[in-house]
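Following this line, the structure appears as structure tokens:
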């Protein structure tokens, strides 16, 4: 009876397990089966992560290639960075049992990246996360220096997250530390001469920028001085004009004050004299 139950349980597990023939691809039209909204490089058909957790893992995976770029590398593909692909499934994706810690994600016929081995797009590092742990693969054998076994063991040392079914924290930790390992590994192949040239170029640029800034500040300073000088001239002109007006007004007032004041008697005498002159002139007018 017990044997029969074990057979039934194994059959149920087998029925609900994925193989690389039916495991959905996040790059094909059926990407929605992976629990994602757009084509990417993460698939979680069993819903091991929440929607928000899956979104954050997608961002980490997309950022992985950008963060591992080495523009000064002597190896062309390292300049472009390494593509990361992640497959989640509660049980190991078959038909392999995964006992050796490897996954067939990078080499199956439905791989998620370019099959043209002459391009860097075909170079990937794959992660398969199951309830019992991580499995890995890599396909960039032409230039990629594989990580050592002890490095993979170091990546998986946070196994308590898996025991607590905290798959998000376990996967996030794994990806971040894998990224650090590759950045350190790729930095070995940086072109030191190019780096020195870049530093020298930056120093030359900084020197040029300093000189240009000094010239611009000098021009601005001289312009401000000229503007200040013109303003002072205008103010002096208006002050002198106002002073001249004040002086003229004062002089006019002084002249008025110096004019003698006529008495009433003088005015009457002048009027009488004018009348006499008019009387004398009348006969002459009659002629």
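Residue numbers (mature numbering (1 follows the signal peptide of the UniProt record, and there is no 0)): -17 to -1, 1 to 270.
Positions of the beta carbon are idealized from the N, C-alpha and C atoms, including for glycine.
For the beta strand (DSSP E) that residue i lies in, which residues bound it at each end?
i, result
"residue 121", "116 to 121"
Excluding the five sequence neighbours on either side, which residues of its own chain have a C-beta within less than 8 angstroms of the C-beta of residue i, listed in chain order?
i, result
"residue 206", "none"
"residue 66", "24, 47, 48, 96, 104, 106, 107 and 108"
"residue 219", "none"
"residue 50", "64, 162 and 166"
"residue 115", "75 and 145"
"residue 253", "none"
"residue 257", "none"
"residue 158", "40, 43, 44, 47, 67, 69 and 110"
"residue 148", "114"
Near residue i, which residues of its chain fall below 6 angstroms by C-beta distance, leaving aside the five closest residues on each side in sequence?
i, result
"residue 112", "71 and 154"
"residue 52", "64"
"residue 31", "71 and 150"
"residue 10", "22 and 95"
"residue 29", "72 and 73"
"residue 34", "none"
"residue 160", "138"
"residue 16", "7 and 28"
"residue 39", "none"
"residue 81", "75 and 118"
"residue 259", "none"
"residue 37", "18 and 27"
"residue 135", "none"
So, under 8 angstroms CB-CB, residue i and residue j are touching, yes? Tell me the CB distance rounded to an integer number of Å.
i, j, result
"residue 119", "residue 145", "No, residue 119 and residue 145 are not in contact; Cβ-Cβ is about 15 angstroms, not under 8 angstroms."
"residue 122", "residue 133", "Their Cβ separation, rounded to whole angstroms, is 22 angstroms, which puts residue 122 and residue 133 out of contact at 8 angstroms."
"residue 41", "residue 19", "7 angstroms"
"residue 91", "residue 1", "Contact doesn't hold; Cβ gap of about 11 angstroms is too wide."
"residue 68", "residue 43", "12 angstroms between Cβ atoms; not a contact."
"residue 164", "residue 130", "6 angstroms"
Alpha helix (DSSP H) containing residue i: first to last residue?
i, result
"residue 166", "150 to 170"
"residue 79", "That residue, residue 79, is in no alpha helix (DSSP H); it is neither H nor E in DSSP."
"residue 146", "143 to 146"
"residue 14", "Where residue 14 is concerned, there is no enclosing alpha helix (DSSP H), given that its DSSP letter is neither H nor E."
"residue 133", "132 to 138"
Using C-beta distances below 7 angstroms, list every residue in its chain close to residue i, excluding the 5 sequence neighbours before and after it, in chain order.
i, result
"residue 274", "In the structure as shown, the chain starts at -17 and stops at 270, and residue 274 therefore has no counterpart that could be examined."
"residue 169", "51, 53, 56 and 61"
"residue -13", "Caution is warranted here: a pLDDT of 46 is assigned to residue -13, below 50, making its placement in the model unreliable, and the coordinate value is therefore given only provisionally. Nothing meets the Cβ criterion."
"residue 93", "3 and 8"
So what does residue i bridge to, in DSSP terms?
i, result
"residue 271", "An answer regarding residue 271 cannot be provided, because it is not within the stretch -17 to 270 covered by the chain."
"residue 110", "69 and 119"
"residue 74", "None, per the DSSP bridge assignment."
"residue 26", "70"
"residue 173", "56"
"residue 51", "Answer is none; residue 51 lacks a bridge partner."
"residue 85", "119"
"residue 2", "77"
Shorter than 7 angstroms from the beta carbon of residue i to some beta carbon of chain C?
i, result
"residue 213", "The chain labelled as chain C is not found in the depicted structure, where only one protein chain is given."
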